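Below is one structure, written out as structure tokens; the observations come after it.
Protein chains in written order, with our numbering: chain S, 143 to 456; chain C, 143 to 456; chain Y, 143 to 456.
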């Protein structure tokens, strides 16, 4: 992607967030991901790259797409995947997160993928283990592989990220996807905007280098990429948002609001979607405008790249 | 099994039900299943037939035997198996079934096995994915691999299905097993009867080509095969059935009622059994009369055959 | 470990408990475990020893460490591992344990690992299947692989078990870990003591060949090994224990109480720990005194040995 000298390996032990990563590190992971996109397109045979390696999927929150995506990515690379979900976890017996970390560490895995409902929990865990750790989402903090797969999707359609105008719309406050995307897209030179109701935008968000808009009409003007966020429906009643109908009217993406953006603007959504809440159902299914399921495909490639980059192969 | 020219491959993309399958298609799957019965009997080594293939087990209902049977079948063939259960599904986040289908499809699996509590849900899902789909039970609609394993069990003991008198007994109305069996056994030339209380037999069932009996004494007369159905115990109180004791008295299979059938009549049950409700416990354990655990063994072979038949191998 | 002639194979079909095992059988499993400790230390590649074998992990109780440990051990040996947890079990449909056993048996696995909340349930299950069964914990009865990994940990630090003074502290009454350890350590020639409040020590425990102490000061005197047991917090209110604070004061292990033991006494705990209840948090993390996470590492080696020993390889 760039003419400068590229990294030969990912220079960190963990992938806990996008914040703080240099452009070279991000580009290293994206370049490797693109190789796996081609591999997957060629209906590639199972690889042996991680054949003797063990990866633990440790999920403290329910997840279909992310857990399955990592599981599939690991198996494609030949790794042994161990899945641990919170329902069957000793956490219910009162074990601390640190003890869980040290217990799993004693089993000598080669990598641990963690999703946790608390911001910072994955970092805490990473400090107690010898192997690499990938953050698969920690509370409202970061979800780095989601930002990487979003970037990969944008690259596949727009060839570059630098210079693009990108709007992230919806519940910015509670979104780890927003935070990771802001860091990544800023680092790679995009102009990032956030759009949403004042109740769902943190006060200090401008310090992350984004412009804040409260109206879709203003924020979507001339953007190349629209990243719609999932609205947690449990926030629909109460102080954040008055009602689903009103939210959709002001912030739900439909053909009318899309007109404010560039004529070839691309729509992303991390899924699972609430059709008719944050996005119009018919628009979500328009493959020319929406890359929602392409994101899922890119996600497998990104997780393969991250697993490959973080597992130490002798 | 027949002298006519046999199919060289299964002629459909999916296996959504038995209804509408031609005898050749059913026989193709049964022939292939019999090869795997022999393979399993020889304590066969793991095969590489599906080595580079990924199969998703997507279960919206709890299941031990069916999910484990598919999981084992896939692993014996060398496939990578991804298990997704409803508890960890995004469905709980409000995702539609179609979005789940399209999300999993974007991960490019080679096959999806689905169990769902709603009739028709598996067909709906199959229309949104590129790969083959096997229905592992959709509400009260169909459960095709169960009918195939029942047929395989009957064939192993009786050598043929054509011309046999077969009674399906119990809760016909809510049973996907009954429906799939009626289609399969009729297609292969058996004489199929259903027996049960009027409250548990659908009014239009005779249009499927079965004779209806309300008394075990009448329905079991001269039958070669008795397929007992599981009674959902939550239906025991209320309008369907007066009480467990009364149900067992009139419709539970025991040695006395068995005398109405042929002297070598074989008993099948899809499991899990309610001992003392639909079948006498001692009779269930009589290996000469009951093929209940042989059915489980046949089930692994049938699932191997179905996976092999539906996954496209280059 | 001994100069006598060693066994060439494990002489039993199952591993249901330590009670009744001869020293040779225990030593056979420990010797084999030590080979796998070395294998794991060398960061060993995946083995093919159980390549064509299928092992079922059947857990009727939640578990992270034990289930994951068996899962990992099996995968390291090349086996196909099928995980069945109670949440997705037909037990919820009212199937009996025996029918579950016979159903899984019909799938012809090579080994079944079972955890169940009732004492004796695993033995009952083992009588209904053709393959070997490993008890991964049955109610308050036995947990033989835990006792083996405790012994392996002790051996790695003390080189022998014979002649050691070993105290097991806490809730003896409800502990399968205590029971298995008492049998194993007695069989290999240790002097075993139990310490705890009278409400948590069974009346007939001395018949197992242990000395009973009600005060840590008396029981810990001169011991080489201290095995702390997990206190089930649901027993903290009620007739067994007055309060967490009082329990910790009298029976929680801290530096003060540790002084009663030998100066090089080693601390074990089966995990998950209740820090500040049965053990002081800082002491638990002292790697010179506490072998708690070393036990986990030994656990993988022990499970590899048990799987290898019980699966019949042609």
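Where is the CB? At the ideal position from N, CA and C, for every residue including glycine. A quick note: this is a predicted structure, and the numbers were derived from the prediction, not measured.
* residue 221 (chain Y) and residue 245 (chain Y) look like a contact to me (Cβ under 8 Å); what is the Cβ gap, rounded to whole Å? -> By one-based count along the third chain, residue 221 (chain Y) stands at place 79. By one-based count along the third chain, residue 245 (chain Y) stands at place 103. Actually they do not touch by this definition, with Cβ atoms about 20 Å apart.
So with Cβ pairs under 8 Å, would you call residue 217 (chain S) a contact of chain Y? Start at 1 with the first residue of the first chain, and residue 217 (chain S) comes out as number 75. False, the Cβ-Cβ gap to chain Y never drops below 8 Å.
Task: Sub-8 Å separation of residue 475 (chain Y) and residue 253 (chain Y) beta-carbons - done: The structure shown does not extend to residue 475 (chain Y), since chain Y is modelled only from 143 through 456, so no value can be given for it.
Skipping 5 residues on each side, what residues in its chain have a beta carbon closer than 7 Å to that of residue 390 (chain S)? On the first chain, position 248 is the one that residue 390 (chain S) refers to. The residues are 418, 419.
Nearest-angstrom Cα distance between residue 373 (chain C) and residue 338 (chain C)?
-> On the second chain, residue 373 (chain C) is found 231 positions in, with the first residue counted as 1. On the second chain, residue 338 (chain C) is found 196 positions in, with the first residue counted as 1. Their backbone Cα atoms lie some 11 Å apart in a straight line.
| query | If you measure from the beta carbon of residue 305 (chain C) to each beta carbon in chain Y, is any gap under 8 Å? | reply | As a position in the second chain, residue 305 (chain C) is number 163, starting the count at 1. Not closer than 8 Å to any Cβ of chain Y, the Cβ of residue 305 (chain C) fails to qualify, so no.
- Item | Neighbourhood of residue 438 (chain Y) by C-beta, 6 Å cutoff - its chain only, sequence neighbours within 5 removed | Numbered from 1 along the third chain, position 296 holds the residue referred to as residue 438 (chain Y). Excluding sequence neighbours, residue 438 (chain Y) sits near nothing in its chain.
Using a C-beta to C-beta distance shorter than 8 Å, which residues of chain A count as neighbours of residue 224 (chain S)? The displayed structure is made up of protein chains S, C and Y, and chain A is not among them.
- Item | Interface positions of the segment 166-192 of chain Y facing chain S (Cβ-Cβ less than 7 Å), listed along the chain | 182, 187, 188
Report task. Count the other C-beta atoms from every protein chain shown that fall within 10 angstroms of the C-beta of residue 153 (chain Y), then say buried if there are 16 or more, exposed otherwise. Result -> Here residue 153 (chain Y) is taken as the residue at index 11 of the third chain, counted from 1. Classification for residue 153 (chain Y): exposed.
Would residue 475 (chain C) and residue 283 (chain C) be called neighbours here (beta carbons separated by less than 8 Å)? Here chain C covers residues 143 to 456 and nothing more, so residue 475 (chain C) does not appear.
*asked:* Tell me the DSSP secondary structure of residue 158 (chain Y) in three-state form.
replied: In the third chain, the residue the question calls residue 158 (chain Y) occupies position 16. Looking at residue 158 (chain Y) - three-state DSSP - the assignment turns out to be coil, as it is neither helix nor strand.
Leaving out five residues before and five after residue 356 (chain Y) in sequence, what residues of the same chain have Cβ atoms less than 8 Å from its Cβ? Stepping through the third chain from its first residue, residue 356 (chain Y) is reached at position 214. Taken in chain order, the residues that qualify are 337, 338, 339, 340, 343.
Alpha-carbon to alpha-carbon, residue 436 (chain C) and residue 261 (chain C): Walking along the second chain from the start, residue 261 (chain C) turns up at place 119. Walking along the second chain from the start, residue 436 (chain C) turns up at place 294. Straight-line Cα distance between these residues: approximately 28 Å.
Tell me whether residue 355 (chain S) sits in a helix, a strand or coil according to DSSP, three-state version.
-> Counting from one through the first chain, the residue named residue 355 (chain S) turns up at place 213. Note: residue 355 (chain S) maps to strand in three-state DSSP.
### Test item: CB-CB of residue 264 (chain Y) and residue 280 (chain Y) under 8 Å
For this step, residue 264 (chain Y) is matched to residue 122 along the third chain. For this step, residue 280 (chain Y) is matched to residue 138 along the third chain. A Cβ-Cβ contact shorter than 8 Å links residue 264 (chain Y) with residue 280 (chain Y).
Per-residue burial, residue 455 (chain Y) [other beta carbons within 10 Å of its own, 16 or more giving buried]
Here residue 455 (chain Y) refers to the residue found at position 313 when the third chain is read from its first residue. Residue 455 (chain Y) should be labelled exposed.
query: Can you tell me where the beta strand (DSSP E) with residue 184 (chain C) in it begins and where it stops?
result: For the purposes of this step, residue 184 (chain C) is taken as residue 42 along the second chain, with counting starting at 1. Residue 184 (chain C): not part of any beta strand (DSSP E); DSSP gives it neither H nor E.
State the start and end residues of the unbroken alpha helix (DSSP H) segment that holds residue 296 (chain Y).
-> Taking the third chain and counting its residues from 1, the one referred to as residue 296 (chain Y) is at position 154. Looking at the DSSP string, the run of the alpha helix (DSSP H) that includes residue 296 (chain Y) is 286-300.
- Query: At which residues does the beta strand (DSSP E) containing residue 333 (chain C) begin and terminate?
  - Reply: The residue given as residue 333 (chain C) occupies position 191 in the second chain. Element bounds for residue 333 (chain C): 333-337.
> For residue 451 (chain S), which of helix, strand or coil comes out of DSSP?
Replying inline: Here residue 451 (chain S) corresponds to residue number 309 of the first chain, with the count starting at 1. Residue 451 (chain S) falls in the helix class under three-state DSSP.
TODO: Report buried or exposed for residue 205 (chain C), applying the criterion of at least 16 other Cβ atoms within 10 angstroms of its Cβ.
DONE: Along the second chain, one-based indexing puts residue 205 (chain C) at 63. With 16 or more Cβ atoms within 10 Å of its Cβ, residue 205 (chain C) is classed as buried.
Report the neighbours of residue 287 (chain Y) on chain S: residues whose CB is nearer than 7 Å to its CB, in chain order. Reading the third chain from its first residue, position 145 is the one you call residue 287 (chain Y). Against chain S, the beta carbon of residue 287 (chain Y) has no neighbour under 7 Å; the closest one sits roughly 14 Å away.
Listing by chain order, which chain Y residues have their CB less than 7 Å from the CB of residue 194 (chain S)?
-> Locating residue 194 (chain S) in the first chain gives position 52, counting from the first residue. Under the 7 Å cutoff, chain Y gives 187, 188.
task = Determine which residues share a DSSP beta bridge with residue 432 (chain C) and list them.
result = Along the second chain, read from residue 1 onward, the residue named residue 432 (chain C) stands at position 290. Answer is C:409, bridged to residue 432 (chain C).
Name the two residues that bound the continuous beta strand (DSSP E) containing residue 319 (chain S).
-> As a working note, residue 319 (chain S) is residue 177 in the first chain. Here residue 319 (chain S) belongs to no beta strand (DSSP E); instead the alpha helix (DSSP H) covers 318-329.
Between residue 448 (chain Y) and residue 210 (chain Y), is the Cβ-Cβ spacing less than 8 Å?
-> Along the third chain, read from residue 1 onward, the residue named residue 448 (chain Y) stands at position 306. Along the third chain, read from residue 1 onward, the residue named residue 210 (chain Y) stands at position 68. Residue 448 (chain Y) places its beta carbon 8 Å or farther from that of residue 210 (chain Y).
- Query: What span of residues does the beta strand (DSSP E) with residue 257 (chain Y) cover, start to end?
  - Reply: In the third chain, the residue the question calls residue 257 (chain Y) occupies position 115. Residue 257 (chain Y) -> beta strand (DSSP E) spans 253-258.
Skipping 5 residues on each side, what residues in its chain have a beta carbon closer than 7 Å to that of residue 421 (chain C)? What you label residue 421 (chain C) is simply residue 279 of the second chain in a count that begins at 1. Correct list, in chain order: 370, 394, 395, 411, 415.
By Cβ distance, which residues of its chain are closer than 6 Å to residue 156 (chain C), with the 5 residues on each side in sequence left out?
Position 14 of the second chain, counting from 1, holds the residue named residue 156 (chain C). Result list for residue 156 (chain C): 268, 274, 275, in chain order.
Return no unless some Cβ of chain C is closer than 8 Å to the Cβ of residue 249 (chain Y). Counting from one through the third chain, the residue named residue 249 (chain Y) turns up at place 107. Chain C, which has a Cβ nearer than 8 Å to the Cβ of residue 249 (chain Y), makes this yes.
message: Spatial neighbours of residue 335 (chain C) within its chain, please: C-beta separation below 8 Å, excluding the five flanking residues on both sides.
response: Position 193 of the second chain, counted from the first residue, corresponds to residue 335 (chain C). The answer, listed in chain order, is 307, 308, 309, 310, 352, 353, 354, 355, 361, 365.
key: Nonlocal neighbours in the same chain, by C-beta distance under 6 Å from residue 230 (chain S), ignoring five residues either side   = To locate residue 230 (chain S), count along the first chain from 1; it is residue 88. Its pLDDT being 44, under 50, residue 230 (chain S) is placed unreliably in this model, and the coordinates cannot settle the point.
- How is the alpha helix (DSSP H) around residue 268 (chain C) delimited, first residue to last? Your numbering for residue 268 (chain C) matches position 126 in the second chain. 263-268 is the span of the alpha helix (DSSP H), which, as asked, contains residue 268 (chain C).
| request: Can you give me, in chain order, the residues of the segment 398-421 of chain Y that have a beta carbon less than 8 Å from any beta carbon in chain S? | output: 413, 414, 415, 416, 417
Neighbour list for residue 244 (chain C) in chain S, Cβ cutoff strictly below 7 Å | The residue given as residue 244 (chain C) occupies position 102 in the second chain. Residues of chain S passing the Cβ test: 435.
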